[in-house]
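Visitor:
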Amino acid sequence: MFGQPTSPRIRAALAGTLSAGLIFGLAACGDGGDDESGSTDASASAIDCAPYTKFGDIKGKTVTIYTGIVTPEDTPHIESYKPFENCTGATIKYEGDKSFETQILVRARAGNPPDLAIVPQPGLVKQLVSTGKAVAAPQEVSDNVDKFWDKAWKSYTTIDGKFYGAPLGASVKSLVWYSPQEFKDGGYTVPTTLDELKALSDKIAASGKKPWCAGIASGDATGWPVTDWMEDFMLRTAGPEKYDDWVSHKIPFNGPEATAALDAVGGYLKNDAYVNGGLGDVKSIATTTFQDAGLQIIDGNCSLHRQASFYAANFDKSTKVAEDGDVFAFYLPGPDANTKPVLGAGEFVVAFADRPEVKAFQTYLSSDVWANTKAKLSSGWVSANKGLDPNNLTNPIDKLAGTILLDPKATFRFDGSDQMPAAVGSDAFWKQSTAWITGQDTATTLNNIEKAWPK
Amino acid sequence: MFNTASTTPEKILQMLSALLLFAAVMGVILFIAGRFGGRKGDRVVAYLYLLPVVLLLAVGLVYPGLRTIYQSFFDAAGDAFIGFDNYGTIFSDPDQLTVLRNTVIWVVLVPFLATAIGLVYAILVDKSRFESFAKTLVFLPMAISMVAAGVIWKFMYEYRPDQGTVKQIGLVNQVIVWLGGKPIQLLIDSPLNTLLLIVVLIWIQAGFAMTILSASIKAIPDDIIEAARLDGVNAWQMFRSITLPSVQPTVVVVLTTVGIATLKVFDIVRTMTGGNFKTSVVANEFYRQTFNADNQGLGAALATLLFLLVIPIVWYNVRQLRRSEAR
């Protein structure tokens, strides 16, 4: 009736909106990868080539390696491959991708996998092996792992009796960040047992300050820091053997051991007298990002923050991370001073090809030579490789993590949620932990996770 | 050339080769098409031009669509046929029911509120002195990606406790404090948090509704308006009897277009709450089940459900567009 001239205008307007969206979409596709390649002493140093040349002449051959490690952490990686490239004449093609964890499965299933992948979770290694595309590690790598790693590490990538990949880096999760200056001023001492930790928290709380700060928001992975807390307490209240049974679901997720562990965590995280320094009440833990929470120590609003060694990267450059600096960490103590369970994580190198050059490079990555080269090149990196000389670790927090990992009294256990089936480890455990923080009781939380475990 | 490119020059090279390939394919089609002439030839040419589109749609849309529907009848690993069990889960599991409830709230509120706000705004600023400036202001959010909008509003709703020297950093809570209230954790309590997320999409879509409706209002012939004025109508009567009936087809198109966008909402929920605190919607849950929980069956079922929900709206939308163009 009246509408006739309308449509062309509408279409023009529609076209305008659509193209605006397209331009913004395209702009988002730009990438910020600029390569910095400068040789340092460590990467230029010559190594003994015999272990690698015995695989044959691999000069001019190329090995592709695909990882989730991107700028700036990729530079020391690429640099640490140089001694191998120089002595064998092979080329390593490095590819870092932020969405590695979903893409590697897509690529393996589609039959287009890289030669090697750096996989950060044992659970994902299992998924990759189940695609049938991963190949078992060569004998040389297996020998290196027997020689340089605690045997717990080998079990994480041994599937149906076959060993699939050597560990690469490692991180320590059983750490509590604190301010050395505040400890000095307040006359506090670093606790060596769980009881002392509780006493210290009470002491700080009595001074009118909320001792702990915590944050679990992390996009769609919101909740994961609680899973670390619970695993740490499971190791301490139930012991490493029960912990293994719980992770592999030999005992139920909602059994008495797990209930006791989560309630112990609740003694800290759901205790209004303890949390959430500078950030609000218990519920505020759910909306505070894990990156932000610990910064309250610098602001003086909180005294203690439990988070892994990699948290050092969250403090800005002017903050000195050292025993005599602005902030440092201590080992989250065990039930008594002589029992030292350590919760940690790490990466594994999984191969999808068994050409000589791939095997040679795998062998190099599992050696003490590589671990020491890498340690000299990077900061914020450690390995549980026993051949690693702690003196090669430059910054104080790496040194602390290295010492904890290589302590003969320590009992290392890998992050449990990384080994559980995805429906639990990267879904129900996170979601239910978040609900637990915002008010859900312990029994309901654990029952819901147990229900989600794939039958 | 078809391997994954990692450096910028490689990516540019890859893009150029894709463009070359496209040009080559088009060249071949044009060449073949050029060899046909006459009346019968026109038909062949038309089919030839349709061929690439049909092929790409088949590979990129039809096949994955059918495959997803097929997968939705299988279990988490995609191995065992389980019939309609996944759909049963969607309509019985308490978590999934919350997801459905939220999706309904979104689909009811966003299109109507965004369209209403857009319409009122378009009428108010119509023929005023600041019209283009006022319209630009409301249209701006449309140029912001949903993720960016989510991040911006997350800061708006940010909470800091009422404690010592701690200062608010979120605008909404600061206003509450100025008015003498205590800061609230806006994104935690359901269903308030869902409503606050809905505000973000309305903020984005109102500009779209306003632009389209404004164009439609301007197209109302002046003689009708003048005739109405001579009859002595007041502002309300003008709106009720002249403006609204004239733009009614456009209103329907806007409502349905925004409705489709709302059904697919994902970015806002994922950026602002990650679907936690009972704010998840179907599109977010589908992603979560597929990629986080590794439950391909349930993920596919949710995607299929979303598809089924969108179809009637798309159908209605296309019918309306055709009808308004036929006039």
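These protein sequences, in sequence, are chains A and B. My numbering puts the first residue of the first sequence at 2, with every later residue one more than the last. My numbering puts the first residue of the second sequence at 4, with every later residue one more than the last. Ideal Cβ positions, reconstructed from N, Cα and C, are used throughout, including at glycine. Remember, it's a predicted structure, so these values are computed and weren't measured experimentally.
For the segment 182-215 of chain B, which residues have a beta carbon sitting closer than 7 Å to at least one beta carbon of chain D?
Guide: Any reference to chain D falls outside this structure, whose protein chains are A and B.
Visitor: Using beta-carbon positions only, say whether ILE48(A) and PRO84(A) come within less than 7 Å of one another.
Guide: yes
Visitor: When the cut-off is 7 Å and only beta carbons count, does SER81(A) lie next to chain B?
Guide: no
Visitor: Under 7 Å between beta-carbons, which chain B residues line up against THR288(A)? List them in chain order, please.
Guide: TYR162, GLN188, LEU190, ILE191
Visitor: Helix, strand or coil for VAL169(B), going by three-state DSSP, please let me know.
Guide: coil
Visitor: Using the beta-carbon of each residue, which ones in chain A are nearer than 8 Å to ALA79(B)?
Guide: ALA424, PRO455
Visitor: In angstroms with no decimal places, state the Cα-to-Cα distance between ILE93(B) and PHE87(B).
Guide: Rounded to whole angstroms, ILE93(B) and PHE87(B) show a C-alpha spacing of 10 Å.
Visitor: Under 7 Å, CB to CB, which of the residues in the segment 284-302 of chain B have a partner in chain A?
Guide: ARG291, PHE294, ASN295, ALA296, ASP297, ASN298
Visitor: Applying a beta-carbon distance threshold of less than 7 Å, which residues of chain A neighbour ARG70(B)?
Guide: Neighbours of ARG70(B) in chain A, taken as residues at a C-beta separation under 7 Å, are lacking, since the least C-beta distance is about 14 Å.
Visitor: Using a Cβ cut-off of 9 Å, pull out every chain B residue sitting near ASP428(A), in sequence order please.
Guide: ARG291, GLN292, ASN295, ALA296, ASP297, ASN298
Visitor: Tell me whether the segment 379-392 of chain A and the segment 163-176 of chain A touch, counting them as touching only if at least three CB pairs, one residue from each stretch, are closer than 8 Å.
Guide: yes
Visitor: Relative to the C-alpha of GLY262(A), which candidate in ASP399(A), LEU407(A), PRO397(A), PRO336(A) has its C-alpha closest?
Guide: This sequence places Ala at residue 262(A); Gly is not what is there. The residue with the shortest Cα to Cα distance from ALA262(A) is PRO336(A).
Visitor: Count the other C-beta atoms from every protein chain shown that fall within 10 angstroms of the C-beta of GLN140(A), then say buried if there are 16 or more, exposed otherwise.
Guide: exposed
Visitor: In chain B, which residues lie with their C-beta within 8 Å of the C-beta of GLY295(A)?
Guide: In chain order: nothing, as chain B lies at least about 16 Å away.
Visitor: Give the straight-line distance between the Cα atoms of ASN113(A) and VAL62(B), rounded to the nearest whole angstrom.
Guide: 19 Å
Visitor: Distance cutoff 7 Å, beta carbons only. Does VAL175(B) sit that close to anything in chain A?
Guide: no
Visitor: Consider the Cβ of GLY86(B): report whether some Cβ of chain A lies at a distance smaller than 7 Å.
Guide: no
Visitor: Does the structure place the segment 199-211 of chain B close enough to the segment 96-115 of chain B that three or more beta carbon pairs sit under 8 Å?
Guide: yes
Visitor: Any idea which residues DSSP pairs LEU117(A) with across the strands?
Guide: ILE66(A), ALA352(A)
Visitor: My output table needs one value for GLU74(A): the three-state DSSP class, helix, strand or coil.
Guide: Looking at GLU74(A) - three-state DSSP - the assignment turns out to be coil, as it is neither helix nor strand.
Visitor: Taking 8 Å as the threshold, find out whether the segment 241-248 of chain A comes into contact with the segment 209-220 of chain A through three or more Cβ pairs.
Guide: No, they do not touch.
Visitor: In chain order, what residues of the same chain lie with their CB nearer than 6 Å to the CB of THR446(A), ignoring the 5 residues before and after it?
Guide: Result list for THR446(A): GLN433, TRP437, in chain order.
Visitor: Taking only runs that begin and end inside the segment 87-111 of chain A, name each unbroken beta strand (DSSP E) of 3 or more residues, in chain order.
Guide: You should have 92-97.
Visitor: Measuring alpha carbon to alpha carbon, tell me which residue in TYR67(A), LYS210(A), GLU86(A), ALA372(A) is nearest LYS99(A).
Guide: TYR67(A)
Visitor: Per DSSP, what kind of secondary structure is ARG414(A) in: helix, strand or coil?
Guide: strand
Visitor: Taking only beta-carbon positions, decide if ASN279(B) is within less than 7 Å of chain A.
Guide: yes
Visitor: What does the alpha-carbon distance come out to for the pair LEU127(B) and ALA36(B)?
Guide: 53 Å
Visitor: Can you tell me whether DSSP reads LYS204(A) as helix, strand or coil?
Guide: helix
Visitor: By Cβ distance, which residues of its chain are closer than 6 Å to GLY33(A), with the 5 residues on each side in sequence left out?
Guide: Unreliable placement is indicated for GLY33(A), whose pLDDT of 37 sits below 50; the coordinate value is still reported in the next sentence. Counting only Cβ-Cβ distances below 6 Å, and skipping sequence neighbours, we find nothing.
Visitor: In terms of residue numbering, what span does the beta strand (DSSP E) encompassing VAL62(B) cover?
Guide: No beta strand (DSSP E) holds VAL62(B); DSSP gives it neither H nor E.
Visitor: What's the call for GLN308(A), buried or exposed, on a 16-neighbour Cβ count within 10 Å?
Guide: Classification for GLN308(A): buried.
Visitor: Would you call the segment 258-276 of chain A and the segment 125-145 of chain A touching, i.e. three or more CB-CB distances under 8 Å?
Guide: no
Visitor: Can you tell me where the alpha helix (DSSP H) holding TRP178(A) begins and where it ends?
Guide: Where TRP178(A) is concerned, there is no enclosing alpha helix (DSSP H), although the beta strand (DSSP E) it sits in stretches over 176-179.
Visitor: Comparing C-alpha positions only, which one of ILE299(A), GLU183(A), LEU176(A) sits nearest to THR311(A)?
Guide: This sequence places Phe at residue 311(A); Thr is not what is there. Closest option to PHE311(A), Cα to Cα, is LEU176(A).
Visitor: Report the residue from LEU198(B), ILE15(B), LEU143(B) whose alpha carbon sits nearest the alpha carbon of ARG104(B).
Guide: LEU198(B)
Visitor: Kindly list the residues whose CB is nearer than 6 Å to the CB of PHE294(B), restricted to its own chain and excluding five residues on each side of it in sequence; keep chain order.
Guide: The beta carbon of PHE294(B) is closer than 6 Å to none in its chain, skipping five residues each way along the sequence.
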